[in-house]
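A quick write-up on the structure given underneath.
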Amino acid sequence: MPDSRTVVAPADGPARAQCPYCGVGCGLELRPPAPDAHNPSWGTRGDRHHPSSLGQVCIKGATVGETLHHNRLTTPQWRARLDQPFAAISWEQAFALLVDRIKATLARQGPAGLAIYGSGQFLSEDYYVANKLLKGALGSNNFDANSRLCMSSAVAGYTRSLGSDGPPCCYDDLDLADLVVLIGTNTAECHPVLFQRLLKRKRKVKEALRLVVVDPRHTPTAEGADLHLAIRPGTDLALLCGVGHLLLELQALDQPFIAAHTEGYGALEALWRQWTPRRVADLCGIAVADLQQLALWWAEAAGVLSLWSMGVNQSREGTATVAGIINLHLVSGQIGRPGAGPFSLTGQPNAMGGREVGGLAHLLPGYRSVANPQHRAELEQHWGFTAGSIASEPGLAVWEQIEAMERGELGLWWVAATNPLVSMPSLDRVRAAVARCPLVVLSEAYAGTETAAVAHLLLPAAQWSEKCGVMTNSERRVTLCQAFRQPPGEARPDWAIFAELGRRLGFVEQFSYDSSAEVFAEFIAITAGRLCDLSGLSHALLAQHGPQQWPFALGTAPGAGQARLYTAEAPYPRAPVGHRFPTATGRARLWADPPLGLAEPPCDAYPLVLTVGRYLGHWHTMTRTAHVARLVKQHPEPLLEVHPLDAESHGLCNGELAELTSRRGSLRARVQVSERIRPGTVFLPMHWGGSHTNPCEANRLMHEEACEHSKQPELKAAAVRVCSV
Ligand code: SF4
Numbered sequence: 005m006p007d008s009r010t011v012v013a014p015a016d017g018p019a020r021a022q023c024p025y026c027g028v029g030c031g032l033e034l035r036p037p038a039p040d041a042h043n044p045s046w047g048t049r050g051d052r053h054h055p056s057s058l059g060q061v062c063i064k065g066a067t068v069g070e071t072l073h074h075n076r077l078t079t080p081q082w083r084a085r086l087d088q089p090f091a092a093i094s095w096e097q098a099f100a101l102l103v104d105r106i107k108a109t110l111a112r113q114g115p116a117g118l119a120i121y122g123s124g125q126f127l128s129e130d131y132y133v134a135n136k137l138l139k140g141a142l143g144s145n146n147f148d149a150n151s152r153l154c155m156s157s158a159v160a161g162y163t164r165s166l167g168s169d170g171p172p173c174c175y176d177d178l179d180l181a182d183l184v185v186l187i188g189t190n191t192a193e194c195h196p197v198l199f200q201r202l203l204k205r206k207r208k209v210k211e212a213l214r215l216v217v218v219d220p221r222h223t224p225t226a227e228g229a230d231l232h233l234a235i236r237p238g239t240d241l242a243l244l245c246g247v248g249h250l251l252l253e254l255q256a257l258d259q260p261f262i263a264a265h266t267e268g269y270g271a272l273e274a275l276w277r278q279w280t281p282r283r284v285a286d287l288c289g290i291a292v293a294d295l296q297q298l299a300l301w302w303a304e305a306a307g308v309l310s311l312w313s314m315g316v317n318q319s320r321e322g323t324a325t326v327a328g329i330i331n332l333h334l335v336s337g338q339i340g341r342p343g344a345g346p347f348s349l350t351g352q353p354n355a356m357g358g359r360e361v362g363g364l365a366h367l368l369p370g371y372r373s374v375a376n377p378q379h380r381a382e383l384e385q386h387w388g389f390t391a392g393s394i395a396s397e398p399g400l401a402v403w404e405q406i407e408a409m410e411r412g413e414l415g416l417w418w419v420a421a422t423n424p425l426v427s428m429p430s431l432d433r434v435r436a437a438v439a440r441c442p443l444v445v446l447s448e449a450y451a452g453t454e455t456a457a458v459a460h461l462l463l464p465a466a467q468w469s470e471k472c473g474v475m476t477n478s479e480r481r482v483t484l485c486q487a488f489r490q491p492p493g494e495a496r497p498d499w500a501i502f503a504e505l506g507r508r509l510g511f512v513e514q515f516s517y518d519s520s521a522e523v524f525a526e527f528i529a530i531t532a533g534r535l536c537d538l539s540g541l542s543h544a545l546l547a548q549h550g551p552q553q554w555p556f557a558l559g560t561a562p563g564a565g566q567a568r569l570y571t572a573e574a575p576y577p578r579a580p581v582g583h584r585f586p587t588a589t590g591r592a593r594l595w596a597d598p599p600l601g602l603a604e605p606p607c608d609a610y611p612l613v614l615t616v617g618r619y620l621g622h623w624h625t626m627t628r629t630a631h632v633a634r635l636v637k638q639h640p641e642p643l644l645e646v647h648p649l650d651a652e653s654h655g656l657c658n659g660e661l662a663e664l665t666s667r668r669g670s671l672r673a674r675v676q677v678s679e680r681i682r683p684g685t686v687f688l689p690m691h692w693g694g695s696h697t698n699p700c701e702a703n704r705l706m707h708e709e710a711c712e713h714s715k716q717p718e719l720k721a722a723a724v725r726v727c728s729v
């Protein structure tokens, strides 16, 4: 198989790569263990040459070299039934089985019977080949990724308001803003290097930088804030409307910008007029004075930067809340200039790359849409498939894939580089649905994940570090990640697995790549002229000149990619005047979405709201971080945060076990009585799955109600009751 075993050994220095954890995308330098060392861990430190992180790393990045060899899946394994043990098989047998079952599913159910659920852990090349195989060769748009659970509301929000996906800001804006609003993001723990950059500047310039945090918890992020608005869960959009109301009263709107560059202002103003400070403060559970303070700082600031992540996105009104943030930036002209803009922080290391290559069920490469006939035709031609090969309807988003399995409509569900049996909501329902699927395939670098328990066929995947390809971080910066060690056993890169399968299914010409560099070259060619234009990049250029920001059109000089979108001078989207947006009219759209609140509000039977989140030292479902002693010592078990008032009224004691029950099930966790959480709300980390010695499947309790635009489930809030054990 071409390139599947390629390894670029560090020759005259360390290997360089992007950190494979969060979307900050810090640069890493990795050095191999000494040949005679007993410890096979690679040495890891920050890459001072990486422009996004300048040598900084957090504890996860600093310890990732300790995780490379742990708990690896090394051979294909198969079992016909879930009650049987796995038996090792060869790749030949695995591919023969896949070809056979894919053909049988196509004959019986058509392309709609096939689905892939991929991951922001993919390199862009993995994403690209998987999409080409399923959407192009097999005619099914049922390719979705775990980004659906993470930031699809940001994608939908940018697209709906600005005309295209693509964060318009860059990390340098952290150094230039004088007001940073962190809403629905625990940046200190989830994007630590960015938060440290903010704190460092705050210590230096003091009141010249205001930090405002909007979060029901007094997180480590809130500890560093000038103002913490501990709103009730589900009231973010109402808060944003309240800020808009006050900006109107303060006459702080940029009327020339509104007139020249936006549409829909009248309806938005009418909505905001309804959201008086008193009404907003009562609903959000905050003081009117605090709301006024935020609005006043916004009105006075030369540069306002909003940062958000899953606290906004994981909501049934996630897209509307993103629009609410963007609305405020548009009406105050706080976009398209240094130190200003609505900036979504991505969770996964290559969620951004996944968006670029069309890694969701409604997308095609180059920020294209499957619903657009011209876009489909462009891809069919580029990929070398006949006209009409790509289906015209969006495929199934991941929760829709679960529902399709419930109805017996999927013949094959292929999960790659993710662990949905921990990360999905309503896990008991997911487990039951998946058990109905005749063939569940899992390509995975790690052995024994919770998802392996529901799989029939396991395919050992090379992880980051063992394959070469690119990742894009939150500020649109593309980093070439070198392969610097051999994959263990028979593990292969995901892109090579999908390409081999494509050839065996008869698409020899379309999937005959000699290297991942060739895959990348094919991908970037179709981005020319798009907002996410990467057509001037190549593996060779990235290796020689380091990470680059897009847009980076053919002929762009290294280092001359565009830091910000929609600026007064911007050539993107190709426009004769500045601040032009890629909508039909060239204007950004203001949306007047009325706040809805939680899909499952608290009630007499379930009087508390459970919200879930992350710890600094752990990553998602802990397939890697559970093997780093330092991190486990830091976070040995999941703790249920309960406010002292709720602890008293529910008879809970600090350090003792409590039982938490939602409409979907119960679990037990140790109580941590803390004033960090607002009364009426309890918190659990989402990292622990069912296979740990201290299992605590927080997402099992969460519901699947999703945003109508983004189809992102409301994983951040569910009604629960709690009692002592
Ligand atoms: S901040 Fe994110 S990308 Fe940077 S080292 Fe930490 S986990 Fe890795």
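In the numbering used here, the protein residues as written are 5 to 729. Think of the CB as a built atom: it goes at the ideal place given N, C-alpha and C, for glycine as much as any other residue. Since this is a predicted model, take the numbers as computed values, not measurements.
Original post:
What number of angstroms, rounded off, separates the C-alpha of Gln255 from the C-alpha of Lys208?
Top reply: 31 angstroms
**OP:** For Ser168, verify whether its CB is less than 7 angstroms away from any heavy atom of the ligand SF4.
**Re:** no
Original post:
Are the segment 398-413 and the segment 669-679 touching, with three or more C-beta to C-beta distances below 8 angstroms?
Top reply: no
**OP:** Pick helix, strand or coil for Arg207, following the three-state DSSP scheme.
**Re:** helix
Subject >> Cβ shell of Pro203 (< 6 angstroms), same chain only, five flanking positions each side left out >> reply: Before going further, note that residue 203 is Leu rather than Pro in the sequence given. Excluding residues within five positions, the ones whose Cβ falls inside 6 angstroms are Gly228.
Subject >> In chain order, each alpha helix (DSSP H) run of at least 4 residues that lies wholly inside the segment 122-189 >> reply: 128-135 and 156-166
**OP:** Step through the CB atoms of chain C and report whether any lies within less than 8 angstroms of the CB of Val482.
**Re:** Annotation note: the requested chain C is absent from the structure, which comprises a single protein chain.
Original post:
Taking the C-alpha atoms as reference points, what is the distance between Cys546 and Gly357?
Top reply: Checking the displayed sequence, the identity of residue 546 turns out to be Leu instead of Cys. Approximately 15 angstroms between the Cα atoms of the pair.
Subject >> For Cys727: DSSP bridge partner residues >> reply: Glu663
**OP:** With a threshold of 7 angstroms, establish whether the CB of Gly29 neighbours any heavy atom of the ligand SF4.
**Re:** yes
Original post:
If we ignore side chains and look at the alpha-carbon of each, how far apart do Tyr132 and Glu522 end up?
Top reply: 12 angstroms
Original post:
In chain order, what residues of the same chain have a beta carbon less than 6 angstroms from the beta carbon of Arg9, not counting five sequence neighbours either side?
Top reply: A caution first: Arg9 carries a pLDDT of 47, below 50, which makes its placement in the model too unreliable to give a value.
**OP:** From the DSSP output, in three-state form, read off Phe389 for me.
**Re:** coil
**OP:** Have a look at the DSSP bridge pairing and note the partners of Trp417.
**Re:** Ala119 and Val444
**OP:** Quick one: using the 10 Å Cβ neighbour count with 16 as the cut-off for buried, is Val512 buried or exposed?
**Re:** exposed
Original post:
Of the residues Ser373, Leu671 and Gly351, which one's Cα is nearest the Cα of Glu360?
Top reply: Ser373
Subject >> Residues near Val729 in its chain [Cβ-Cβ closer than 8 angstroms; skip 5 each side] >> reply: Glu660, Leu661, Ala662, Glu663 and Arg672
**OP:** State the beta-bridge partners of Cys485 as determined by DSSP.
**Re:** Gly473
Subject >> Integer Cβ distance of Leu649 from Ala722, believed to fall under 8 angstroms >> reply: Going by Cβ atoms, the distance from Leu649 to Ala722 rounds to 20 angstroms, so no, they are not a contact pair.
Original post:
With respect to 7 angstroms, is the separation between the Cβ of Ser57 and the closest non-hydrogen atom of the ligand SF4 below this value?
Top reply: yes
Original post:
Any idea what DSSP makes of Ala274, helix, strand or coil?
Top reply: helix
**OP:** Tell me whether the beta-carbon of Pro89 lies closer than 8 angstroms to the beta-carbon of Leu462.
**Re:** no
Original post:
From Asp182 to Ala119, what does the alpha carbon distance come to, in whole angstroms?
Top reply: 46 angstroms
Subject >> CA-to-CA distance, Ala344 to Gln338, given in whole angstroms >> reply: 5 angstroms
**OP:** Count the other C-beta atoms from every protein chain shown that fall within 10 angstroms of the C-beta of Met428, then say buried if there are 16 or more, exposed otherwise.
**Re:** buried
**OP:** Check whether the Cβ atoms of Tyr121 and Trp387 sit closer than 8 angstroms, and answer yes or no.
**Re:** no
Subject >> Whole-angstrom distance between Met626 and His74, CA atom to CA atom >> reply: 12 angstroms
Original post:
Taking Pro606 as the reference, which of Leu72, Arg236 and Asn146 has the closest Cα?
Top reply: Arg236
Original post:
In angstroms, rounded to a whole number, what distance separates the CA positions of Leu425 and Thr483?
Top reply: 30 angstroms
**OP:** Report the three-state DSSP secondary structure of Arg372 (helix, strand or coil).
**Re:** strand
Original post:
Cβ of Pro196 versus every heavy atom of the ligand SF4: is any distance shorter than 7 angstroms?
Top reply: yes
**OP:** Would you decide whether Asp148 is buried or exposed? Buried here means 16 or more other CB atoms lie within 10 Å of its CB.
**Re:** buried
Subject >> C-alpha distance - Ala457 paired with Ala437, whole-angstrom precision >> reply: 14 angstroms
**OP:** Can you check DSSP and say which residues form a bridge with Ala21?
**Re:** Leu32
Subject >> the segment 467-475 contacting the segment 517-537, beta-carbon criterion three pairs below 8 angstroms >> reply: yes
Original post:
Comparing the CB of Gly65 with every heavy atom of the ligand SF4, is any distance shorter than 7 angstroms?
Top reply: yes
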